[in-house]
Each structure stands twice: as structure tokens, then as C-alpha cells.
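These notes are about the structure you will find just below.
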Amino acid sequence: MRSLYSGLARLVLWVALAIVMFPILWVLLTSFKPSDISQALPPVWDFTPTLQNYTDVLTGNTYTSQVFGVLIVHSVIVTLASTLIGLAAAVPAAYALARLRFRGKRLTANWILSTIMFPPVVSVIPVFIIASRLGLTDTWPVLVIPYAAFGLPMMIWMLRSSIRQIPFEIEEAAMVDGVSQAKILWHIVLPLLTPSIVSASLLAGMLAWNEFLFALTLTRSAVKTAPVGISEFTNMYGTQWGTLTAAATVTVAPILLITLMLRQRVVEGLTFGAVK
Amino acid sequence: MIESPATREGGRPQGRLALSRAAAMGWGLLSPALLILFVMAIAPTIYLVYVSFRHENLLGPGSTFVGVQNFIRVLSDSDNWADALSTVEFVVLSVTIEIGLGLGLALLLNRRLPETNLLTALFILPLGIAPVVSALVFRVLLDPAYGWVDYYLQTWGIIADPIDWLGNPGTAWLAIVGLDVWQWTPFVTLILLAGLSGVPSEPKEAAALDGAGPLRLFWHITLPFLRPFIAIALALRTIEAFKTFGSIFVLTTGGPGTSTEVINLDLYRIALQNFDIGAAAALGIVFLLFLSVIMQQLLKVLGDNTDILED
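The listed protein sequences derive, respectively, from chains A and R. Residue numbering for the first sequence is 549 to 824, as defined by the working numbering. Residue numbering for the second sequence is 71 to 381, as defined by the working numbering.
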């Protein structure tokens, strides 16, 4: 009876895994197929893998308005800039919430957390109007600042719970020795916080890298990012499966590697430190 | 000025001066974060409220005060109510299925099979995939002429003729909910699996010795331990599901017709395709008010079950 249950459990789990992996493996497989057989039915399984789709995508030999490689560069710049700004704001905020006691802290902290319910579609409308009036459409700040804001609550919460785990006695000892608060933060707290800072940054970077709505609405070409560019691979010329899947792989691969590396910390971050 | 065990127990030995210094430092340290969130949450809300009482002409002058006209127009339009209903249906359906499936998978994974680690590692993958990319992939796979889904369903004799998944309201709904379930059930599974790993084995063994069946064990021992984790999954998934835009936009664009148009797509169309800014602002404010009521409830659920809130 026990082994029957185990067998059933394994069957269900492997079917679930097959469903999870099928679209991912399909993308990988199609991206290495020669483009003349990528849409063939019945699907061709026996083929010589080619990198042609990848070179086409990265050099712009596609029916899209811009070279996809350039959009990847834009995505990298926007992701790095927004993550760094978010980090610079999140570390001091997390320290204040974890260590200091002052009036209004509880309300402010819970308000910061509640901003995650703000739907991007609602905030993109005023941002779009103001950006057009100020001539800021298709510039770096209109993506970088919103993306920094999107990742901010998650970053603050991850860092806040990490700071709480650092024994306060270390900081106390330094204070007794007359070390200034700024120096304590910089020389003692920050080094101990490095692992959390790395994972919080990677997760915030993931949110920025995958964002679609703001990039779709506020960019034209100069700062257009990969998620918007990738939807152009299905256009009036039909869908180029080969280049679409190659572009998808290039876009998704770095994030998937990070996800696999961070594993449990991904869940911790996305649940605001509630699940460890 | 720093919260040490000594000052916590001893009240406020440093007096008013120290207290205000802690406040000054606290607000100082918080100010960059608050500034960013002000720019992205408060300022847009204020601007939306202002615009919602006006008729805005984006292309030239001619912005006029129109009172509550925008609100009357938006709330008397039955299409908006239909979209609101679609939104609630989408959220309830997706989140319910994700929690149910996620719980089932977590219980199975928790049986400590030889392949548990491998499966857990691979289940995390959909979390990292940009929703736009998974929506595009689903769209191609569901193509009635070239898609693999119809091809294999026909080859295996499950269906006779190809299904135009995105061309019929019922199957289009299946597609958008299916996409959300595919992308986020693993997230729920991992949260609940983390919860299950904390369920102690002693009470279970004791109860099993007393002759309690697996169903009663689950109901009386496992489920109470899982409660906070289910609360987190439920709250976070509900919030994110209400914000869904990109995946539905790419997969169905709200179609066929407006059958899968959730309120986010509705807002996008009114504001950024019809440029009816006043109406979009009014609808956006109504949506925000509705969400803040939901958020209050969800924060309460989180506060009761976790230490995620500041106390």
C-alpha cells in the first residue's frame, strides 16, 4: 500500500514537472532548430543544431524595428541603474526600521509594504502624461525611477529581517568604544549584510529586467528594453519561431541562472522575508 | 537612540532629546526610500484625483473642470462593470487553483522521495521567466494551425479538430488562467513546502498511534501549522493577480472581443489608446479604492499569521 502511494505521488510529480518544463524546453529546442523546419508539423526531432537564430537575433537580421542585442544592452543599463538606486535607498531605510525606535515608524513601515498593491497600470497613466509634457518620454529616468520603486519594498523587507538577525551586541560594543553611527553602519553592519544585499539586488534586478508595461508605454527606441522588443517577433510578417525563441532564451537565461543559484532566497525575497 | 535591550526594558532613560535624535535619524535614513515611493505612489494618486475632475486634452489646451462627470460616465458604463467582474473572476479562479494545486504538490514533494531535490530545484524556474515571454510562448503553442498543443491533442486522439484556443471566450479564459497557474503554482508550492518542513513529526506519530487516519492527521495537525504559509501565499498571489497586465495583454489582448479584458487592460485602453484621460483617472481611482479595501483585509490576514508587519 505504501509503495503504491509513493508510486502515484511520483507519477503526479513527474507529470507536473513535464508541464512546468514543456514550454521552457520547447523554447530551447526551437531556438537551435534551422529556421526552415521550426514550424514544421509533425515536429522535426532529428536535426543538426544551429546558432543561426542567435546570430540573427543579436545582429538584427530579423523583421523587427531594432537590433535585439541593443535592447538587451538597454535592459542591462536600466536594470543596473534601478537596482543600485533601490539599494542606496533600501539599506538605510532597512536599518532605520530594524534598529531605531521613533514615533510614526510602525505606520510608515506598513505603508511602505502596502505600496505593493499599487497597480502599475494606474501609476503609468500620470507618469505618461507628465513625462510627455516634460519631454522625458524615451529617456532613462522614466524607467529607472519606477523600477527602483517597484523593487524597494521587497529589498527593504529582506534587508530589515537580515539586520535584525545581526546580534545587536556587536554594534553596542562599537558604540561604547565611541565609534560613530555612520561608521558602524558602513564598517560593521554593511559587511555582515553583504549576502542579503546580493540576493535582494538580484531579485530587484529580476523585477526590473522582466517589467513590460512601463517599458511599453514610456519608450519608443532610445531606451526600449528586451521584454517590449521580444513581442515584436510576432508581427505583420507572422511569427518567426526561430528568432522569437532565440530572443526569448537570451532574455530569460540570465534570470533563470540567477533563480537556480539563489533557490530558497528567491522564495524568501518574494514573500518579503516571511518564508525562510 | 538605538533600540537596545537595555533601553527597551528601561523605558526612555535618555529622555526627550535622545528620542527626537532617534526620530531625526530614523526619518533621515528613511527619506530616500520615502522620496522614491512618494514619486511613484502618492504623487500619481494626487495627480489622478486632480485629472479625474477634469476633461483633459492631451494634444492641446482646453482642459476644463467637469465635476464628477467622469465618475458618472465611468460608473454608468456597463462595459467597465463587466471588466471589473472579469478581474475578480480571474483573480479568484487563478488564486484558488494555484493554492489547491500548490498544496497538493507540496504534500507530495514533502514525502521525501529520492528526486525531491531535483524536482524542487526545477519547479522554481517559472518564477524567473518574464510573464511577457511565457505569454508569447503560450500564444505560439496554442496556435490552431502550427501550435504543438492542437497537433499533439489531435495525434493522440483527444480532439478531432483543432481548437482555436484564443478565438473563443471560454477557451481564451482557459488560456489566461492556465498561463497564470503555470507560472505561479510553483511559487505557492515552494512556500507551502517550506511550511511543511516545519511541521513537527512527534504529534503526528502520536496521533497515528492512536489510530487517526491520514485525513484527520492532515486536518488537525498539518493544516494548522500550514495556516500562516497559506495566508502568505493567498495574500501575495491575490495582490499580484490584481496587477496582472503584460501576460493577458500579450496572450489575448483582452479578446476575443472584450471577453478576457480585465480592468488593467481596460484602463490601458481608455488612457493610452483612446486618450480619454479623465475617464481613465476616474476609473483608476475607483479601482484604487477597491484595492485598498482588499489590501486592508490582506494586511490583516498577514498580520494575524506572520510577523511581516511592523509592530
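Using N, Cα and C, we set each Cβ at its ideal position, and we do this for glycine too.
- Contact with chain A is found for PRO114 of chain R, since one of that chain's Cβ atoms lies less than 8 Å from the residue's Cβ.
- In this structure, the alpha-carbon of MET703 of chain A lies about 22 Å from that of LYS731 of chain A.
- Ranked by Cα distance from LEU368 of chain R, the first of A:SER662, A:VAL823, A:LEU645 and A:GLN587 is A:SER662.
- For GLU759 of chain A, there is no enclosing alpha helix (DSSP H), as DSSP gives it neither H nor E.
- Linking ILE229 of chain R to GLY217 of chain R through their CA atoms gives a straight-line distance of about 14 Å.
- Under the three-state reduction of DSSP, LEU648 of chain A is assigned to strand.
- For the pair LEU171 of chain R and THR255 of chain R, the CB atoms are nearer than the 8 Å cut-off.
- For the options A:LEU733, A:GLN788, A:PHE760 and A:PRO667, the alpha carbon positioned closest to that of LEU353 of chain R is the one of A:PRO667.
- Around LEU738 of chain A, no beta-carbon contact reaches into chain R at under 9 Å, the shortest distance being about 13 Å.
- THR807 of chain A has a beta carbon lying within less than 8 Å of a beta carbon in chain R.
- Rounded to the nearest whole angstrom, the C-alpha separation of THR292 of chain R and VAL269 of chain R is 7 Å.
- Taking C-alpha positions only, TRP593 of chain A is separated from ALA637 of chain A by approximately 50 Å.
- ARG813 of chain A and SER747 of chain A have their C-alpha atoms some 7 Å from each other.
- The C-alpha of LEU361 of chain R is placed about 19 Å away from the C-alpha of ALA697 of chain A.
- Below the 9 Å Cβ cutoff, chain R contributes ALA200, VAL202, VAL203 and LEU206 as neighbours of ILE778 of chain A, in chain order.
- Scanning chain A for C-beta atoms nearer than 7 Å to the C-beta of LYS313 of chain R yields PRO667 and PRO668, reported in chain order.
- Between the alpha carbons of VAL320 of chain R and VAL247 of chain R lies a distance of about 14 Å.
- Straight through space, the alpha carbons of VAL161 of chain R and ALA176 of chain R are spaced by roughly 22 Å.
- When DSSP states are grouped into helix, strand and coil, ARG558 of chain A belongs to the helix group.
- ALA763 of chain A is not a Cβ neighbour of THR799 of chain A, given a cutoff of 8 Å.
- In the DSSP annotation of this structure, the continuous segment of the alpha helix (DSSP H) that includes ILE355 of chain R starts and ends at 347–375.
- Under the Cβ distance rule, ARG811 of chain A counts among the residues neighbouring chain R, one pair being separated by less than 8 Å.
- Beta-bridge annotation (DSSP): PHE135 of chain R is paired with R:ARG124.
- Counting other Cβ atoms within 10 Å of its Cβ, LYS370 of chain R stays below 16 and is therefore classed as exposed.
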